[in-house]
Each structure stands twice: as structure tokens, then as C-alpha cells.
Amino acid sequence: MIYSGPDLQYSGQEICHGSNETVLSITDVTEKEYPVAISVASYPKVAYTHQGWLTEDHQYFYMNHEGTRTLIWDVSDLDDPILVNEYFATTTDTNHNI
110 MIYSGPDLQY SGQEICHGSN ETVLSITDVT EKEYPVAISV ASYPKVAYTH
160 QGWLTEDHQY FYMNHEGTRT LIWDVSDLDD PILVNEYFAT TTDTNHNI
């Protein structure tokens, strides 16, 4: 996705927000042959995360796994993503995709 969020350093670059099993990884993939890691962030009570959704304003990234927990990251500074909240659904149904 072409980045148009609050971190002006990366404006116009193609940025990948990855839910990579145990971490959030943010990578500049503008140059396909030479991706550049921007940051990696871990979180407490690690689970198998594999999906996420970036808000329209590119400020927050919602990341979850096949359970009832969603991690909410403030990614307004791509070099330093911050876990700001967690949401736990009241249902016991599996949440496969956001």
C-alpha cells in the first residue's frame, strides 16, 4: 500500500505492515528487490497473529489471530509502533479474518 499517513518520512513509499506470527513488522517494500526493515514490535502474551488492517488514515493497525483478541497499534511513527490497546471479543467463536 502506498503510505499516506502521519509519518512524513515515508510518505509516498510502499509500506507493508506484517502480522508475522509473533510480531508486528513494518517494511518499506518500494524497491521490491531490496526491502528495508523499518521496525519490529513484539507484544505480551504472544499468540499466532497472521492478519491485520490499517485504518484509512494510516494511524492505527489492528492485528489479530484466530481467537478473540485484537491488538491495536499506534503506527503514526513507523519507526516506533506502540501497542495502545487490546480488544477481547465476548464471543467464543473463532475470528479468522478482520
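Be aware that the sequence shown starts at 110, since it is given in my numbering, and climbs by one per residue. C-beta atoms are modelled at their ideal positions from N, C-alpha and C, and glycine is treated no differently.
First and last residue of the uninterrupted beta strand (DSSP E) at residue i
i	result
residue 135	132–137
residue 124	124–129
residue 147	145–150
Beta-carbon contacts of residue i that lie in its chain and below 6 Å, excluding the five residues immediately before and after
i	result
residue 134	127 and 149
residue 151	132
residue 146	136
residue 176	none
residue 163	126 and 170
Residue i burial status per 10 Å Cβ neighbour count (16 or more: buried)
i	result
residue 143	exposed
residue 173	buried
residue 180	buried
residue 153	exposed
residue 191	exposed
residue 158	buried
Other residues of its chain near residue i: CB distance less than 7 Å, five sequence neighbours each side excluded
i	result
residue 120	112 and 113
residue 116	185, 186 and 187
residue 189	148
Runs of beta strand (DSSP E) wholly within the segment 152–190 (minimum 3 residues, chain order): Those beta strand (DSSP E) runs which fall completely within the segment 152–190 and span 3+ residues are 158–163, 169–174 and 178–183.
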